[in-house]
Each structure stands twice: as structure tokens, then as C-alpha cells.
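S.K.: Residue numbers (the numbering used here): 19 to 156.
1. For residue 12 and residue 109, I'd like the C-alpha separation in whole angstroms.
2. With burial defined as no fewer than 16 other Cβ atoms inside 10 Å of the residue's Cβ, what is the status of residue 89: buried or exposed?
3. Counting C-beta neighbours from all protein chains within 10 Å, is the total for residue 87 16 or more, i.e. buried, or is it exposed?
4. If the criterion is Cβ atoms closer than 8 Å, does the pair residue 30 and residue 54 meet it?
5. Note down, in chain order, each residue of its chain lying with its Cβ closer than 8 Å to the Cβ of residue 131, except the 5 sequence neighbours on either side.
6. Alpha carbon to alpha carbon, how far is residue 125 from residue 26? Give it in angstroms, no decimals.
7. Spell out the partners DSSP gives residue 22 in its beta bridges.
8. Starting from residue 32, follow the alpha helix (DSSP H) in both directions and report where the run begins and ends.
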């Protein structure tokens, strides 16, 4: 599965801690992320992370395009409810995940449920219903 990671500035450390905690599960999948978040996760976990541009420079649009082309299977976008910096990006990714039936978490509680479901195979339906048209290249 291809997992996209994004985080508001005040939630980046939480994303890093989450990825450290679930590094064993994430290592069995392809992880991609917006630039700053991805670098922090890669440095902390040693996981290979495919880096897109930062959100401010179009990274959310790059991830959005991958969602539209059925190349993303899960999105974890840890949001800061106190921030209005990236409301447009958050709304954009939310709409795309809803449109293309992509499992999506905006907080650590929901992300834990998705990661445990991923580990159990609960998300294998994605590969049956939405077979990949081309492989995601890292």
C-alpha cells in the first residue's frame, strides 16, 4: 500500500512520534510525504520516504494528483485545529479522499485505527476494487 503523510507545523513532531511507534508496520509499505514532514520522519525512523514538494510549494497538489490516479491508498494528515495556514490544502485533500474512497485520518486516534487495520489486512479491498494502473515509483 502507498501511504501519504502530511502534517501542519504544530503536528509534525506528533507525526514523527507516530511513525516511530508504527515503524514496523510502515516499513512493509511505500511511504511518501510532503517535504518537511517526510524528511523529519525519514531521519527519525530510517524509513525510505518519497518526498514531494512542501505544502507551500505544491506538495498537497502532487499528493492530490496521485490520489486522483489511484496511486495512494491511505492519507494521514495530522491537522492543527488552531491553525488556518493550510485550510485550502486540508479541504482539497479531504474532498479527494472522499471522492476516491481513500482511508483518511486527520488525528492520531483515527490514524492508529487505520494503521492497525492495515496490519490486519482490513484495507486489502483497495487492491481488489481499485487495481493499480501503474506502480508507484519511489
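For each residue, glycine too, the CB sits at the ideal point set by N, CA and C.
M.R.: So, from the listed chains and residues:
1. Absent from the model: residue 12. The displayed extent of the chain is 19 to 156, so no value can be given.
2. buried
3. exposed
4. yes
5. 123
6. 11 Å
7. 50, 93
8. 30 to 39
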